[in-house]
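Here the structure is laid out as structure tokens; the discussion comes afterwards.
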Amino acid sequence: MSTTVDQDMNFETASPKDSKSTEDTSPPMFNFPKEPPRTFTAADLIAILAIHNGGFGKNPDKKHNLPTQEEASSDDALAMLSGNSTHKRIILRIWPRSPTGKSITPDNTLMGKQTPNGIELWGATTLDFYHVQRFPDEPRLSTITTGSKLLRWMKANNELEYAQNEIEWAEHEENPKIIDPHGPHAFVEAQEAKIRAGEAGKSMPLAEQGSDKGKSRSSIFDPSNYSSPWPLIPFSYETECLQTLIPLHHLPEKITVHDPWNLLAVTSWNRYGGAMTDDKQADWTSTTDRTHIYKLQPSPAAKTHLLERRLKGMDFPEMSVAPAENAKEKTGGLLGYLIKPTGDVLGPIPPPIFVVHDPPPRRLIDVIRPGDPEPSKAEGLGNGPIEEAHLYISPAHSIGKGNHSVVYEAEWELPRSALFPPPPNDPVLCEKCVEADIKRILTETDGENGEKMEARWREKSAKLSKVFKVERPARSFSIIRQEDLEDGVTKSEDGDARVFLADPGKMGCRLEFDGPVRPIRTTVGWQDPLHPTCQHIMPPPPVPPTAKVRVVAKLSIRGDEQLEQEATNYQDFDRHLFEHWSGLNVMPPMHDPFPVGALVPQFYGYYVPEEEEDVEMGEGDDPASAYERGYLSPILLMEECGRPVHVSDLGIDEKNEVRSLIHRFHHADWTHGSIYARNILAQHGPLNVPPAERVYEKEKRVLSFRLIDFGRSSKYSGKSEASGRNWDSCRLSETIAIEKLLGLGMYSYD
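All residue numbers for the sequence shown refer to the numbering used here, where the first residue is 182 and numbers rise by one.
The following block contains the structure:
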């Protein structure tokens with residue numbers, strides 16, 4: 182029998198890498214004294230950025246001389262690095278060309294790695310972008326491109342000798358991948374623990390919950406379905422911002438809106454009077470709750486898409502494989518697992534113990550015979566629309582007001598199954614109980630000190646070895662002065678280059694076992710994880726059937742058409758505008774890389790009042806017509822993406838990233854229609870980590886930017902010459918507007 186155990190291991194030191202010859206030196210930028218390869222440090226990067234940004238300190242020659250390690254670690258260097266005018270996202274590398282190489286033209290260029298946004302230049306890091314001479318005999322003419330594009334072109338045209346380091350680097354560049362924002366699960370569970378401990382939240386008064394124990398439980402939102410201390414008063418504890426992309430066909434078809442302060446009237450009137458928007462200290466229990474039933478209203482195009490999905494039928498989730506098929510080890514027809522030898526002993530060892538256990542009991546749902554009906558779909562994001570949700574709005578959580586609209590932070594309560602996967606209920610085998618059982622069996626069989634152990638179990642007839650495998654090779658690059666270049670190679674004999682180890686690489690290590698094992702059958706049985714029978718497995722704590730997250734609810738005044746148009750535009754946006762991708766892009770007219778995060782907030786639906794009896798009436802109230810009910814605003818639900826930017830607080834790289842939003846929007850065939858600072862939001866990131874772990878210090882912060890307010894946005898149709906001229910005019914106008922707002926381009930005064 183043989184088996185392997187994977188382990189991760191980092192190289193402590195990389196193999197020495199000699200300085201390259203004059204034909205493969207990369208990337209040519211600066212001159213260093215010759216020395217052996219060493220790890221590229223933060224001080225090295227600061228030094229290079231200092232040169233690029235005009236130096237630092239009082240020495241006027243700093244612009245032309247590379248700072249020492251000590252100078253690069255000085256206060257002047259750190260001040261330069263954190264300065265608003267310092268470019269840090271820059272293209273440092275040049276791809277050497279053969280003097281006799283072919284010209285790279287639009288006709289023979291090859292595509293590199295891309296994200297779905299279709300922007301041609303994508304790189305995993307700033308070190309994956311290059312300046313390259315498309316025409317080797319024109320050294321003063323260079324173009325920005327990427328390593329993945331050049332790698333394909335060089336291989337196709339057999340130009341492999343002049344950029345060996347760059348080719349090796351490009352071959353190991355990571356592919357683009359979606360970076361999922363941090364989900365609300367961990368925060369919700371942490372808050373639930375605090376609520377159970379009495380440290381957060383306030384229970385809803387019993388009068389509000391109702392005392393009819395016989396009330397139907399058909400709705401999971403019914404108070405009788407909650408264990409104490411739930412249900413809770415809205416806004417009585419902190420909720421997490423929902424950032425997950427939810428496809429339109431998974432959004433709730435109906436929501437119950439709780440509006441005690443009549444905020445849905447906005448600036449108009451309805452049967453309850455005007456909106457009470459001035460109560461910033463609003464207490465939810467101080468007034469009577471009013472509920473309205475709203476329905477999801479897709480745009481005409483989205484409605485057609487939803488109808489097509491319903492006609493085709495939704496895919497059922499794949500059945501999980503029965504646990505018996507997922508056994509850790511099989512040997513001689515026995516089901517079980519190997520107890521790994523302890524310690525670091527390698528070489529010959531006695532046969533290790535192989536725990537033999539019975540197969541887990543099969544649940545009825547695991548046994549599906551041909552002809553049996555498919556299992557019913559559970560409610561949740563993965564299996565069709567959410568049937569019911571509740572929304573809570575309060576004047577105490579107003580976050581914005583415009584000429585036509587008001588915006589609130591709202592609590593959105595969803596079925597727990599919509600946010601969380603169902604708890605695992607596959608049978609489990611407690612390894613601690615098994616360990617104690619095996620120890621008991623060994624004592625009975627071999628004696629207290631092993632005096633009765635059979636000789637075959639003492640003999641070192643098995644072998645344990647450690648096998649190493651390079652999972653990611655070390656990567657290095659060299660740097661020389663650009664003046665030493667001629668036709669893509671260095672003029673000096675040795676290149677006078679400094680080689681940096683940028684990535685020490687990664688080595689995988691696994692333990693490999695070969696030989697006989699000692700099988701021992703355990704008497705420990707399988708357990709239901711939801712109702713365990715031993716002290717080692719804890720059942721999950723009681724949880725409410727619903728969970729709350731934070732979203733933005735945008736309302737509009739009577740007669741306003743922009744909110745509906747904005748909702749329609751959200752449904753027309755390509756999916757990639759909502760997605761966060763790894764790496765960076767470069768696109769004209771910009772020359773510096775920028776991140777490829779989501780461009781717009783996540784869209785969580787456009788809801789309108791139901792036509793009949795949308796207000797829950799009290800005893801004795803009469804049904805009212807739509808006219809008598811008065812105005813109730815439609816609701817646009819979106820992701821909360823921070824606060825409007827303060828341009829004066831932004832660094833040059835942050836300004837370039839904001840500028841890229843407009844160019845990316847144009848590239849997706851959209852114009853915005855309202856370029857103002859109030860329509861550009863910023864929040865602290867990175868968004869794939871919990872808010873508590875994000876960076877808030879200005880010197881180290883990572884901001885995430887988003888465009889908002891798409892009521893005036895329009896998509897380019899390209900159906901006529903006139904529309905093309907108008908499209909060009911709108912794009913130019915918005916390009917000028919964003920440059921003027923940010924002080925870039927022709928409005929730069931640096």
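Just so it is clear, CB atoms sit at the ideal spot from N, CA and C, and this is done for glycine as well.
* Mapping DSSP to helix, strand and coil, what is Tyr407? -> coil
* Output the boundary residues of the beta strand (DSSP E) element that contains Gly304. => 302-304
* Asked: Is there a Cβ from chain C that is less than 7 angstroms from the Cβ of Ala779?
  -> Among the protein chains of the structure shown there is no chain C, as only one such chain exists.
* **Nearest-angstrom Cα separation, counted from His757 out to Asn298** => 6 angstroms
* Asked: Mapping DSSP to helix, strand and coil, what is Asn451?
  -> strand
* **Coil, strand or helix - Glu835 by DSSP** => helix
* Pick helix, strand or coil for Phe416, following the three-state DSSP scheme. => The three-state reading of DSSP puts Phe416 in coil, since its state is none of H, G, I, E or B.
* **One or two residues paired with Ala728 in a DSSP bridge** => Note: Ala728 sits in a beta bridge opposite Leu595.
* Between the CA atoms of Leu922 and Ser207 - distance to the nearest angstrom -> Unreliable placement is indicated for Ser207, whose pLDDT of 38 sits below 50; no coordinate value is reported for it.
* **Residue interval of the alpha helix (DSSP H) (run including Ile620)** => Sequence inspection shows Lys at residue 620; the Ile mentioned does not correspond to that position. That run of the alpha helix (DSSP H) goes 612-627.
* Could you name the residues of the same chain whose beta carbon sits closer than 8 angstroms to that of Gln743, not counting the 5 residues immediately before and after it, in chain order? => His585, Ser586, Ser737, Gly892, Arg893
* Asked: In chain order, what residues of the same chain have a beta carbon less than 6 angstroms from the beta carbon of Ile917, not counting five sequence neighbours either side?
  -> none
* Asked: Using 8 angstroms as the Cβ pair cut-off and three pairs as the minimum, do the region 751-765 and the region 436-451 touch?
  -> no
* Are Lys735 and Leu862 touching if we call contact CB-CB under 7 angstroms? -> no
* **Ile889 versus Tyr857: straight-line alpha-carbon distance, rounded** => Annotation: Ile889 to Tyr857 spans about 10 angstroms, alpha carbon to alpha carbon.
* To do: Could you work out which residue in Arg278, Pro815, Ala849, Gln295 is closest to Tyr788 when comparing CA atoms only?
  => Pro815
* For Leu937, three-class secondary structure by DSSP -> Outside the shown range of the chain (182 to 931) lies residue 937, about which nothing can therefore be said.
* To do: Could you work out which residue in Pro770, Arg845, His439, Pro529 is closest to Trp638 when comparing CA atoms only?
  => Pro529
* Taking the C-alpha atoms as reference points, what is the distance between Gly832 and Arg912? -> 25 angstroms
* Whose C-alpha, out of Phe601, Leu322, Ala482, Ser929, is nearest the C-alpha of Pro725? -> The closest CA to that of Pro725, considering only Phe601, Leu322, Ala482, Ser929, is found on Phe601.
* Whose C-beta lies closer than 7 angstroms to the C-beta of Glu352 among residues of the same chain, with five residues either side of it excluded? -> Leu332
* Specify the secondary structure class of Trp442 as computed by DSSP and reduced to three states. => coil
* **Entirely enclosed alpha helix (DSSP H) segments - the region 719-773, minimum 4 residues** => 743-753
* What are the start and end residues of the alpha helix (DSSP H) that includes His431? -> Neither: His431 is in no alpha helix (DSSP H) and is coded neither H nor E.
* **Alpha-carbon to alpha-carbon, Ala305 and Glu354** => The alpha-carbon separation between Glu354 and Ala305 amounts to approximately 7 angstroms.
* Quick check: the region 328-346 against the region 289-296, are there 3 or more CB pairs under 8 angstroms? -> Counting Cβ pairs under 8 angstroms, three or more are found: they touch.
* Do the CB positions of Ala463 and Ala570 come within less than 7 angstroms of each other? -> Not in contact: Ala463 and Ala570 (Cβ atoms no closer than 7 angstroms).
* Asked: Exposed or buried, which one is Val870 when buried takes at least 16 other CB atoms within 10 Å?
  -> It is exposed - the Cβ of Val870 has fewer than 16 other Cβ atoms within 10 Å.
* Ala367 (DSSP reduced to helix, strand or coil) -> helix
* Flag this pair as yes or no: are the beta carbons of Thr327 and Glu592 separated by less than 7 angstroms? => no
* Confirm, please, whether the CB-CB distance from Pro697 to Pro541 is below 7 angstroms. => no
* To do: Run the CB neighbour count on His712, radius 10 Å, all protein chains shown included, and call it buried at 16 or more, exposed below.
  => exposed
* To do: Use the C-beta contact count for Gln716: other C-beta atoms within 10 angstroms, 16 or more gives buried, fewer gives exposed.
  => Burial call: exposed.
* Around the C-beta of Val438, are 16 or more other C-beta atoms found within 10 angstroms, so that it is buried, or is it exposed? -> buried
* Asked: DSSP on Ser586, reduced to helix/strand/coil?
  -> In the displayed model, Ser586 falls within a strand according to three-state DSSP.
* To do: Name, in chain order, the residues that DSSP records as bridge partners for Cys422.
  => Arg731
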